Amino acid sequence: MSKSIKIDSSKVEIAQLINGTGLLAKKDIEEGELVYAERSDVYHELTPADFSNPACDACFLVRKIIEDPLTAKFYNEFDLDSSCIHVNSPSRDDKKFLKKLSKKSKVPYEKVLDIWKIVCAYHVKAALVTPTNQRIRVQLSRLFNRTNHSCNPNTTVIHIFDLESDFYSRLITVIAKRNIRKGDEITFSYIDPVLASILDLNSRREELMSFYGFICNCEKCLEESQ
């Protein structure tokens, strides 16, 4: 099993921005061009039992990190710190799941909660959708961890597939929605693009605060707030 593999990440670089860490374009990128693609070894494919459980999807990846030594090893390589993550407290169902996991694994609850905060903040979902099959995978990825949100993003994340081979490759790809200049920050929408297109300013901010714990001050939000 290989470590998390970066594929064609030569066009972007991780940088310290005014409001934290972000991803910048190292060269001009044209509309429709691949910005970067990445595969992750920290992942969990949701099972029928998971779907019937009222806990959120992030909880099931937390469980795999706790219970599977190899996944835990890859997770530790991300070297993420939950102290700088602003995520709401777990729901009653999530807390019940995490406390049960803590008791079963004998891992202190605070440590389980720290992992949950990181997974909530940095996970991405991939879906296989065909006429006869539907599967959902939750995964962490190094570059995605550092790509910030915008309500008017310059990229689109391709994470819904109609071929099993694409889904099981564990690849997530990011495509330019418009021309991106060298030095521009790379952004994508944390809200589903279809939903984001119909939500007003306050609704978008409520959605982001609820799930990610921050108030969006992207260019679009600032213009609408004025």
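Start counting the sequence shown at 73; every next residue gets the next number (the numbering used here).
Built from N, CA and C at the ideal position, the CB exists for glycine as well.
Nothing here was measured: the structure is a model prediction, and the numbers come from that model.
Quick check: what's the CA-CA separation for A87 versus T204?
Mapped onto the sequence shown, residue 87 falls at position 15. Mapped onto the sequence shown, residue 204 falls at position 132. Approximately 43 Å between the Cα atoms of the pair.
Helix or strand or just coil, what does DSSP make of T259?
In the sequence shown, counting from the first residue as 1, residue 259 sits at position 187. Strand, per DSSP.
In DSSP terms, what I247 is bridged to
On the sequence shown, residue 247 is found 175 positions in, with the first residue counted as 1. L106, T228, per the DSSP bridge assignment.
Is D238 near the ligand SAM - that is, is its Cβ less than 6 Å away from at least one heavy atom of it?
Here there are no bound small molecules, and the ligand SAM is not part of this structure.
Ignore the nearest five residues each way along the sequence and tell me which others in M281's own chain have a CB closer than 7 Å to its CB.
Counting from 1 along the sequence shown, the entry for residue 281 is found at position 209. Here the set comprises I287.
Kindly list the residues whose CB is nearer than 8 Å to the CB of V309, restricted to its own chain and excluding five residues on each side of it in sequence; keep chain order.
The structure shown does not extend to residue 309, since the chain is modelled only from 73 to 298, so the question has no answer here.
Between the stretch 113-132 and the stretch 166-177, do at least 3 Cβ pairs fall closer than 8 Å?
Enough Cβ pairs lie closer than 8 Å, so yes.
Using DSSP bridges, identify the partner residues of V201.
Position 129 of the sequence shown, counted from the first residue, corresponds to residue 201. DSSP, once it has assigned bridges, lists Q206 as partnering V201.
Using only the alpha-carbon positions, how far apart do N220 and Y284 sit?
The residue labelled residue 220 in the question sits at position 148 within the sequence shown. The residue labelled residue 284 in the question sits at position 212 within the sequence shown. So the two alpha carbons sit approximately 11 Å from each other.
Please state the DSSP three-state secondary structure of R218.
Position 146 of the sequence shown, counting from 1, holds the residue named residue 218. It is helical.
Which parts of the stretch 137-163 are runs of the alpha helix (DSSP H), unbroken and 4 residues or longer, counting only runs that do not cross its ends?
Here the runs fully enclosed are 141-150.
For I208 versus T227, is the C-beta distance shorter than 7 Å?
Against the sequence shown, residue 208 aligns to sequence position 136. Against the sequence shown, residue 227 aligns to sequence position 155. Against a cut-off of 7 Å, the Cβ pair of T227 and I208 comes out as no contact.
What residue from D272, E278, R135, E117 has the CA that sits closest to L185's CA?
Sequence index remark: in the sequence shown, residue 185 carries index 113 (1-based). Ranking the options by Cα distance to L185, first place goes to R135.
My understanding is that V196 touches I244, with C-beta atoms under 8 Å, so please give their C-beta distance in whole angstroms.
Translated into the one-based positions of the sequence shown, residue 196 becomes position 124. Translated into the one-based positions of the sequence shown, residue 244 becomes position 172. Contact flag correct, Cβ pair sits at about 6 Å.
Whole-angstrom distance between N274 and Y115, CA atom to CA atom:
Residue 115 sits at position 43 when you count from the first residue of the sequence shown. Residue 274 sits at position 202 when you count from the first residue of the sequence shown. Rounded to the nearest whole angstrom, the C-alpha separation of Y115 and N274 is 33 Å.
Quick one, are the C-beta atoms of S112 and R242 less than 7 Å apart?
Working through the sequence shown from its first residue, we reach residue 112 at position 40. Working through the sequence shown from its first residue, we reach residue 242 at position 170. Taking 7 Å as the Cβ cut-off, S112 and R242 qualify as a contacting pair.
Does any residue of chain D have a CB that is nearer than 7 Å to the CB of V266?
Given the protein chain composition of this structure (a single chain), no chain D is represented.
Between the CA atoms of K83 and A97 - distance to the nearest angstrom:
Against the sequence shown, residue 97 aligns to sequence position 25. Against the sequence shown, residue 83 aligns to sequence position 11. A97 and K83 have their alpha carbons spaced roughly 6 Å apart.
Have a look at W188, F132, F123, I270 and flag the residue whose alpha-carbon is nearest the alpha-carbon of S155.
For the purposes of this step, residue 155 is identified with residue 83 of the sequence shown, where counting begins at 1. Selected option, being the one with the closest Cα: W188.
Just how far apart, CA to CA, sit E85 and L95?
Position 13 of the sequence shown, counting from 1, holds the residue named residue 85. Position 23 of the sequence shown, counting from 1, holds the residue named residue 95. Their backbone Cα atoms lie some 6 Å apart in a straight line.
For F132, count the other beta carbons within 10 Å of its own beta carbon; 16 or more makes it buried, fewer makes it exposed. Which is it?
In the sequence shown, counting from the first residue as 1, residue 132 sits at position 60. Buried, since its Cβ has 16 or more Cβ neighbours within 10 Å.
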